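One structure is given below, encoded as structure tokens.
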Amino acid sequence: MAWTSDLDTGIETIDQQHRKIVDYINALDVATRKMDSAAVGRVLDGLEEYCHTQFAFEEALQVKVGYKHAKSHKMVHDVFARRMAKYRERHKAGEDIADHLHEALNSWLLLHIKREDKNFVPDVKRSMGEMVKDDSGEDWLSRSVAGFFGKSR
Ligand SMILES: [Fe+2]
Numbered sequence: 000m001a002w003t004s005d006l007d008t009g010i011e012t013i014d015q016q017h018r019k020i021v022d023y024i025n026a027l028d029v030a031t032r033k034m035d036s037a038a039v040g041r042v043l044d045g046l047e048e049y050c051h052t053q054f055a056f057e058e059a060l061q062v063k064v065g066y067k068h069a070k071s072h073k074m075v076h077d078v079f080a081r082r083m084a085k086y087r088e089r090h091k092a093g094e095d096i097a098d099h100l101h102e103a104l105n106s107w108l109l110l111h112i113k114r115e116d117k118n119f120v121p122d123v124k125r126s127m128g129e130m131v132k133d134d135s136g137e138d139w140l141s142r143s144v145a146g147f148f149g150k151s152r
């Protein structure tokens, strides 16, 4: 599976983060083909980390720019994170959840990234000009990226 431009939000930082989901789907495909349960576990571990950092970043950004659906967006993130945690538990208990996880990631890409994430982009873009003007814009964004993901990303 490859990234397609219809998944782009237009904010490079966020698009880079979102591309990771495609990486996870591909890693999951490889793991499934090889029937490598440990590799499925690594995808699940990666996703746990992803939910913590990427979601927190988006949520902080939305609050920063005053996005009016920030609260419900966070709720959607929380539901997804809980779902991932459940898959992790079931996987640890020895269940083969790869197909279900694959399905969940696919619909996350199509429904959440394409629709719900794109919704807050206009607010970010609008605020970006103001943030740059008051000298906290790009700085805030790169500082936050470094804070959430580590400098190397
Ligand atoms: Fe989101």
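In numbering that gives the first Met the number 0, the protein residues as written are 0 to 152. Glycine included, C-beta positions come from ideal geometry on N, C-alpha and C. These figures come from a predicted structure and were not determined experimentally.
Inset, instruction - Would you check if the segment 24-35 and the segment 90-103 touch, i.e. whether three or more CB-CB distances between them fall below 8 Å? - result: In short, these stretches touch, since the Cβ pair count reaches three.
Inset, instruction - Using alpha carbons as the reference points, say which of Leu6, Leu60, Arg142, Glu102 lies closest to Asp122. - result: Minimum Cα distance to Asp122 is reached at Leu60.
Inset, instruction - Can you give me the Cβ contacts of His101 inside the same chain, cut-off strictly under 8 Å, excluding the 5 residues immediately before and after it? - result: Ile24, Leu27, Asp28, Thr31, listed in sequence order.
Legend entry - As assigned by DSSP and simplified to three states, the class of Glu57: In the structure shown, the three-state DSSP call for Glu57 is helix.
Inset, instruction - Indicate the three-state DSSP secondary structure (helix, strand or coil) for Lys19 in the structure shown. - result: It is helical.
Legend entry - Host alpha helix (DSSP H) of Arg89 (start-end): Counting along the chain, the alpha helix (DSSP H) containing Arg89 begins and ends at 69-91.
Legend entry - Beta carbon of Phe54 nearer than 7 Å to that of His72: Not closer than 7 Å, so no.
Legend entry - DSSP three-state assignment for Trp2, whether helix, strand or coil: Three-state result, Trp2: coil.
Legend entry - For Glu48, three-class secondary structure by DSSP: Here DSSP, grouped into helix, strand and coil, assigns Glu48 to helix.
Inset, instruction - Can you tell me which of the three DSSP states Phe148 falls into? - result: Note: Phe148 maps to helix in three-state DSSP.
Inset, instruction - Note down, in chain order, each residue of its chain lying with its Cβ closer than 6 Å to the Cβ of Asp116, except the 5 sequence neighbours on either side. - result: Correct list, in chain order: Thr8.
Legend entry - Nearest residue (CA-CA) to Glu11, options Tyr66, Gly128, Val120: Selected option, being the one with the closest Cα: Val120.
Legend entry - Neighbourhood of ligand 1 [Cβ distance below 5 Å to any heavy atom], ordered by chain position: That gives Glu57, Asp116.
Inset, instruction - On a CA-only basis, which of His68, Val62, Ile20, Lys33 is nearest Glu47? Give me that one, please. - result: Considering only alpha carbons, the answer is Ile20.
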